[in-house]
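163 is the number of the first residue of the sequence shown in our numbering; add one for each residue after it.
Note sheet for the following structure.
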Amino acid sequence: MHIFVNTGKRLLLSVLFIQLISAEPGFPGLNHIRTRTPASIQTRASQALIDRIIGKRAHELTANVQPNLGPTNRDTFLIQASGDYVNITGSTGVAVAMGLYYYLTNYCGCQYTWAGQQMNIPSPLPKVPAQGIKVTTNDRFRYYQNVCTVDYSFVWYNWTDWQQQLDWMALHGINMPLAFTGQEAIFQRVYMKMGLTMKEVQDHFAGPAFLAWSRMGNMHGWGGPLPQSWIDQQLVLQHRILDRARDLGMIPVLPGFAGHVPSAITRIFPNASVSHLPNWGHFNSSFCCNLLLDFSDPLFKRIGHEVVKEMLNEFGTDHIYNIDTFNEMLPKSSSPTYLAESARAVFEALTSADQQAVWLMQGWIFENSVDFWKSPQIKAVVTAVPKGRMIILELFAENRPVYRHTESYFGQPFIWCMLHNFGGTMELYGMFDSINSGPAEGRNFPNSTMIGIGLTPEGINQNEVIYEFMAENAWVPQPRDVSKWVTEYAKRRYGKPNKYSSKAWLLLRESVYNNTDGLKDKSKHVIPTSRPSYHPRLTPDVWYDPEDLYQAWDNFVLAATQLSNSSLFVYDLVDVTRNSLQDISLSYYNSLITAFTHKDYTQVSFIGEKLLDLLTDMDRLLGSEGHFLLGNWIQAARNLGFRSEDKQLYEFNARNQITLWGPTGNHLDYASKQWAGLMHSYYRPRWKVFVEDLKRSIHTETAFNQSDFNDKVFNTIELPFSTDTHTFPTVPSGNTISIVNQMYKKYRRETVYNVYRGKG
Numbered sequence: 163m164h165i166f167v168n169t170g171k172r173l174l175l176s177v178l179f180i181q182l183i184s185a186e187p188g189f190p191g192l193n194h195i196r197t198r199t200p201a202s203i204q205t206r207a208s209q210a211l212i213d214r215i216i217g218k219r220a221h222e223l224t225a226n227v228q229p230n231l232g233p234t235n236r237d238t239f240l241i242q243a244s245g246d247y248v249n250i251t252g253s254t255g256v257a258v259a260m261g262l263y264y265y266l267t268n269y270c271g272c273q274y275t276w277a278g279q280q281m282n283i284p285s286p287l288p289k290v291p292a293q294g295i296k297v298t299t300n301d302r303f304r305y306y307q308n309v310c311t312v313d314y315s316f317v318w319y320n321w322t323d324w325q326q327q328l329d330w331m332a333l334h335g336i337n338m339p340l341a342f343t344g345q346e347a348i349f350q351r352v353y354m355k356m357g358l359t360m361k362e363v364q365d366h367f368a369g370p371a372f373l374a375w376s377r378m379g380n381m382h383g384w385g386g387p388l389p390q391s392w393i394d395q396q397l398v399l400q401h402r403i404l405d406r407a408r409d410l411g412m413i414p415v416l417p418g419f420a421g422h423v424p425s426a427i428t429r430i431f432p433n434a435s436v437s438h439l440p441n442w443g444h445f446n447s448s449f450c451c452n453l454l455l456d457f458s459d460p461l462f463k464r465i466g467h468e469v470v471k472e473m474l475n476e477f478g479t480d481h482i483y484n485i486d487t488f489n490e491m492l493p494k495s496s497s498p499t500y501l502a503e504s505a506r507a508v509f510e511a512l513t514s515a516d517q518q519a520v521w522l523m524q525g526w527i528f529e530n531s532v533d534f535w536k537s538p539q540i541k542a543v544v545t546a547v548p549k550g551r552m553i554i555l556e557l558f559a560e561n562r563p564v565y566r567h568t569e570s571y572f573g574q575p576f577i578w579c580m581l582h583n584f585g586g587t588m589e590l591y592g593m594f595d596s597i598n599s600g601p602a603e604g605r606n607f608p609n610s611t612m613i614g615i616g617l618t619p620e621g622i623n624q625n626e627v628i629y630e631f632m633a634e635n636a637w638v639p640q641p642r643d644v645s646k647w648v649t650e651y652a653k654r655r656y657g658k659p660n661k662y663s664s665k666a667w668l669l670l671r672e673s674v675y676n677n678t679d680g681l682k683d684k685s686k687h688v689i690p691t692s693r694p695s696y697h698p699r700l701t702p703d704v705w706y707d708p709e710d711l712y713q714a715w716d717n718f719v720l721a722a723t724q725l726s727n728s729s730l731f732v733y734d735l736v737d738v739t740r741n742s743l744q745d746i747s748l749s750y751y752n753s754l755i756t757a758f759t760h761k762d763y764t765q766v767s768f769i770g771e772k773l774l775d776l777l778t779d780m781d782r783l784l785g786s787e788g789h790f791l792l793g794n795w796i797q798a799a800r801n802l803g804f805r806s807e808d809k810q811l812y813e814f815n816a817r818n819q820i821t822l823w824g825p826t827g828n829h830l831d832y833a834s835k836q837w838a839g840l841m842h843s844y845y846r847p848r849w850k851v852f853v854e855d856l857k858r859s860i861h862t863e864t865a866f867n868q869s870d871f872n873d874k875v876f877n878t879i880e881l882p883f884s885t886d887t888h889t890f891p892t893v894p895s896g897n898t899i900s901i902v903n904q905m906y907k908k909y910r911r912e913t914v915y916n917v918y919r920g921k922g
């Protein structure tokens, strides 16, 4: 029974006892998927987490893990007062952490996010109802990570970074994280035992910033060869990650074998039945078209068995493995018979080494290639595995739910996930209404097989409000009043109420965070982070009235007089100013193209200079806040190298991923970042060449040649940036509030709506 207690100024959800918990779909094949860590170890780990989060006042809160606290297969926490102290009991260490965060947010007005923490905890600790607060989660699992997150965000993490990330996971209720670090050591052992040389294996692996796509068979070798020191270092790191995750009661997901093999496999096994996968990303023959071992070849089961066996010996297991064979690559046949055989082969190889194995598969293939994956093809794959022994991540449920037209995945369990972000880009974006109602709709779907929710962004460190909101779907009983929630969010984030910040967030909620047009790729055609183009013209998807964003900017500027001491406010102020300038840059671009179309040299020159000046200002703005510095990304990469050549390789990986993404711009600007340094050294130079070429075209009365321009910027700006070693600041400079005020006075008058919309 969920009871709302009105405390006057805020609405707090208090659950005093449990009744009528919705029944989870019955899957006996999942009964063993639970933490095996003793309660005493989880108690110590959750108390240590409290110590890290709370600091010197940690002794005022105590942790206790009691596995039978709530219903079977549902995490439950109980918050109770004990004099001036607070006791948090949970069914797992994660449940304790959830309870801690529930108390910190709803009672103490605090927040713990990627960009920082607002932990101004009242003294004495706020009281809770005498009978305590007992909350049980709606679902069994809360999943976290996309297979791409490990590269777009975590690739340069050291243990300090991972410890903070694991704390964030636990506080937000994650009990099933992807654990992909260190797997290259396992595959290396298996392949070398079979006779491949170290060089053959290392040449197969991509560089650190591209390992995700090497693992999925999309390509191989790019950004490598992978140093042995990296392989060894990541193996050690994986042990620490797994130890901490399991100590907290999490159920880590390990990798399995999907059938992608090094090309050298045919040297050892010349009769192996292999085929080339499609060319993903237009890579040349040095990196494309990986070999896929035929599912019926006995070697498939042998390698699959050895990989899992080696994984078990090294890491132990929680019996759940992620395997994605056809990620963004179509199978060679659409025959349901072939697809069913492929799924059975994967599962049989998995269970030959671990009889209790459960296959976790990203459902992105069904969402991304809808012309191929129709109901018969989907059904063939998901029903080829015993019911409950496969879990599908409904990866993009907020936008493209597949369960609705597949009879809830034909009876296999699925997890309702929010993908939200592609490439780790930074545009303000969200679908509040969809993620408010979607999980409940998934649970209430006829004969639903939904068993959890998930956060599956390709990259993190952006749009934190959306992740805070989505994570609460673990335990909220019904959709929320989003506007009221956002107002409370702003108060918690900055540590105090403010009428201007509240109004700003309500405007953001109704605009940038209210996408309803099915937008998929937020980075596409965004000014200024896209390669300039006259033909085809850049046309970003702007799904909101830009004036709403600008008015939010008005209110952030007004709020700065009271909130400038909040680091999270300063971060948001930069973020909103950045996105406002991004929108203004689009108006400049539209005007620039219009002027060029009319062959108006004076206007092209004038507007072009305004655009370049804005990009200079953006770089200065971003350089004033530490989370927006290119230098940090590059320095983190170099710090993981032991030898100078390793440091250089990692820096190349870091630079190339966020720009060219491949040797020839294969995924150009897909992982773009609006960072100081990158704006000045990469984006602005491209636009400067573009403006000069437009002017030259008018002056010489010749047509603008887009192909020649593309070649020029590739050879003079984009490719040299990947191999450059120029250093960038790792410490912010300038007074953010002062810089924002200057830019606000300079650019707010430019935000006339009809100019913005002008298309010539």
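Glycine included, each C-beta is placed from N, C-alpha and C at the ideal position.
First and last residue of the alpha helix (DSSP H) that includes residue i?
{"i": "Gln868", "result": "868-875"}
{"i": "Phe852", "result": "846-862"}
{"i": "Gln724", "result": "708-725"}
{"i": "Lys463", "result": "460-477"}
{"i": "Leu262", "result": "255-268"}
{"i": "Ser663", "result": "661-672"}
{"i": "Leu454", "result": "Not the alpha helix (DSSP H): Leu454 falls in the beta strand (DSSP E), residues 453-455."}
{"i": "Asn815", "result": "806-819"}
{"i": "Ser537", "result": "537-544"}
{"i": "Met905", "result": "898-909"}
In or out: residue i buried (at least 16 other Cβ within 10 Å) or exposed?
{"i": "Gln624", "result": "buried"}
{"i": "Met360", "result": "exposed"}
{"i": "Asn230", "result": "exposed"}
{"i": "Val532", "result": "exposed"}
{"i": "Glu472", "result": "buried"}
{"i": "Ser869", "result": "exposed"}
{"i": "Ala185", "result": "Low per-residue confidence applies at Ala185: pLDDT is 45, beneath 50, and the placement is therefore not dependable enough to give any value."}
{"i": "Gly255", "result": "buried"}
{"i": "Val732", "result": "buried"}
In the DSSP assignment, what are the bridge partners of residue i?
{"i": "Glu556", "result": "Trp578"}
{"i": "Ile250", "result": "Ala225, Ile241"}
{"i": "Met523", "result": "Ile554"}
{"i": "Val644", "result": "Its beta-bridge partners do not exist; DSSP assigns none."}
{"i": "Asn676", "result": "Met593"}
{"i": "Met338", "result": "Tyr305"}
{"i": "Val423", "result": "Leu453"}
{"i": "Gly278", "result": "Thr275"}
{"i": "Asn484", "result": "Pro417, Leu522"}
Could you give the first and the last residue of the continuous beta strand (DSSP E) run that contains residue i?
{"i": "Val227", "result": "223-227"}
{"i": "Arg304", "result": "303-306"}
{"i": "Ile295", "result": "295-298"}
{"i": "Thr275", "result": "273-275"}
{"i": "Ser437", "result": "436-438"}
{"i": "Gly614", "result": "612-617"}
Give me the Cβ distance between residue i and residue j, rounded to the nearest whole Å; I'm assuming they're in contact under 8 Å.
{"i": "Leu777", "j": "Arg846", "result": "4 Å"}
{"i": "Trp667", "j": "Thr649", "result": "7 Å"}
{"i": "Met612", "j": "Met580", "result": "Not a contact, Cβ separation roughly 14 Å."}
{"i": "Ala511", "j": "Lys463", "result": "5 Å"}
{"i": "Tyr264", "j": "Val297", "result": "7 Å"}
Taking 8 Å as the threshold, find out whether the region 307-320 comes into contact with the region 795-813 through three or more Cβ pairs. yes
Tell me whether the region 513-524 and the region 470-483 touch, counting them as touching only if at least three CB pairs, one residue from each stretch, are closer than 8 Å. yes
Evaluate the contact criterion for the region 557-566 versus the region 595-606: three or more CB pairs, one atom per stretch, below 8 Å. yes
Using 8 Å as the Cβ pair cut-off and three pairs as the minimum, do the region 713-725 and the region 689-696 touch? no
Evaluate contact between the region 804-819 and the region 703-710, counting only Cβ atoms and requiring at least three cross-stretch pairs below 8 Å. no
Determine contact between the region 403-413 and the region 203-218, defined as no fewer than three beta-carbon pairs at a distance below 8 Å. yes
How do the region 760-771 and the region 808-828 stand: do at least 3 beta-carbon pairs fall below 8 Å, yes or no? no
Touching by the beta-carbon criterion (3+ pairs, under 8 Å), the region 368-375 and the region 555-562: no
Are the region 247-263 and the region 319-335 touching, with three or more C-beta to C-beta distances below 8 Å? yes
Does the region 781-790 come into contact with the region 734-741, if we say contact requires no fewer than three beta-carbon pairs (one atom in each stretch) closer than 8 Å? yes
Sufficient close CB pairs (3 or more, under 8 Å) joining the region 537-545 to the region 580-590: no
Are the region 207-225 and the region 242-251 touching, with three or more C-beta to C-beta distances below 8 Å? yes
State whether the region 347-362 contacts the region 412-429, with contact taken as three or more CB pairs (one from each stretch) at a distance under 8 Å. yes
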